[in-house]
Amino acid sequence: TLERVQALPLVEVAAFSSSIPFSSGSGRRPVEVEGRPVTSASERPEMDSRTITPDYLKVLRVNITRGRAFTAADRDNAPHVAIIDELMAERLWPGEDPLGRRFRPTHIPDAPWLTVVGLAGNVKHDWFSGYRPTYYTPYAQGPRSYGVLAVRTRGDENAIAPVVRQLFHEMDPDLPLADVHSLLQHRSLKTIGMQFVAGLMMPIT
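Numbering (the numbering used here), first residue to last: 1188 to 1392.
Written out as C-alpha cells, the structure is:
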C-alpha cells in the first residue's frame, strides 16, 4: 500500500502510524529500564508509544538528532529497536547517552527489550497536555489491526484525498476510509471545544 501511495505524483512521502498528533488515545505505556528493577508497578515510568513505518517522522518533519531512523531491515526477526524523543531521554537517562540503552513496555507479558537506536525531536501529540515523553517502534515489529496513513503532499494538500480514496478502492472496495483531513483540519476538529470556549470569553466591542 505504501509503495503505491508513495508512487503517486502528488506525494512527497507517506507512512503508516498507530496514531497521529491530536488523535484520541494517548497510547501511554509503563516501561521498565534495564538494570533498574522496581518493587511495584507504580514506580514504573509511563511513556507515550507510537508504532510507525520508517518514513513517519519525515512526514511530520521531525528530525533525528542522534543515531538513526528505522529502515526496512527492522523487521520482526531482527533485534527489536526504538526511537525515543528528547523528553524521554531526559526522563530516563538525564545527562547520559541514551543510544544503545534498553527498556521494555510492561503491559505486554514477556515483551522484548527495545534497544534505543535513535533520538528524535519532541512532538506535541495532544494540544491539551502538551509535550509528553514518547518512544516509537517499527510497524514491522508490532503490526496493528488499525492505523493512520500520513501523507506529505506536493502542492494542494486537498487534491490528494480523492486520489488515495480511489487507490484504496481499487485495492479493496470494502475497505472504509474515515477522517480524511489535512493535519491542520484534524487539529481544528480536535480542539473545537477549546475554540468555542475561547470565542465565548472574547470581549464584545
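We put the beta carbon where it would ideally sit given N, CA and C, even for glycine.
Only a predicted model underlies this, so the values are computations on that prediction, with no experimental measurement involved.
Would you kindly report the start and end of the unbroken beta strand (DSSP E) that includes residue i?
i: Leu1362; result: Leu1362 -> no beta strand (DSSP E), and no H or E assigned at all.
i: Val1304; result: 1301–1307
i: Ala1269; result: 1268–1272
i: Val1218; result: 1215–1220
i: Pro1292; result: 1289–1292
Say whether chain B places a C-beta atom closer than 8 Å to the C-beta of residue i.
i: Glu1219; result: As a matter of chain content, chain B is missing from the structure shown, which is built from one protein chain.
Would residue i and residue j be called neighbours here (beta carbons separated by less than 8 Å)?
i: Val1192; j: Leu1336; result: yes
i: Leu1232; j: Leu1279; result: Before going on, a small fix: residue 1232 reads as Pro here, not Leu. The answer is yes: Cβ separation under 8 Å.
i: Phe1203; j: Thr1258; result: no
i: Asp1235; j: Thr1340; result: no
i: Ala1327; j: Arg1237; result: no
i: Val1200; j: Asp1242; result: yes
i: Gly1136; j: Ser1210; result: In this structure the chain extends from 1188 to 1392, so residue 1136 is not present and cannot be described.
i: Leu1286; j: Gly1329; result: no
Identify whether residue i lies in helix, strand or coil by the three-state DSSP scheme.
i: Leu1197; result: coil
i: Ile1347; result: helix
i: Tyr1326; result: helix
i: Val1335; result: strand
i: Phe1383; result: With a pLDDT of 45 at Phe1383, under the threshold of 50, the modelled position of this residue cannot be trusted, and the question is left open.
i: Phe1257; result: coil
i: His1233; result: According to the sequence provided, residue 1233 is Glu. The question's His does not apply to it. Here Glu1233 sits in strand by DSSP.
i: Ser1223; result: One point to set straight first is that residue 1223 is Arg, not Ser, in the sequence displayed. Of the three classes helix, strand and coil, the one that applies to Arg1223 here is coil, per DSSP.
i: Phe1355; result: helix
i: Ser1205; result: coil
Is it right to say residue i is buried, meaning 16 or more other beta carbons lie within 10 angstroms of its own, or is it exposed?
i: Ile1207; result: buried
i: Arg1319; result: buried
i: Ala1194; result: exposed
i: Ala1346; result: exposed
i: Ile1270; result: buried
i: Leu1362; result: exposed
Starting from residue i and walking both ways along the alpha helix (DSSP H), at which residues does that stretch end?
i: Lys1245; result: 1243–1246
Three or more beta-carbon pairs under 8 Å between the stretch 1244–1259 and the stretch 1293–1309, yes or no? yes
Are the stretch 1217–1226 and the stretch 1290–1303 in contact at 8 Å, needing three or more beta carbon pairs? yes
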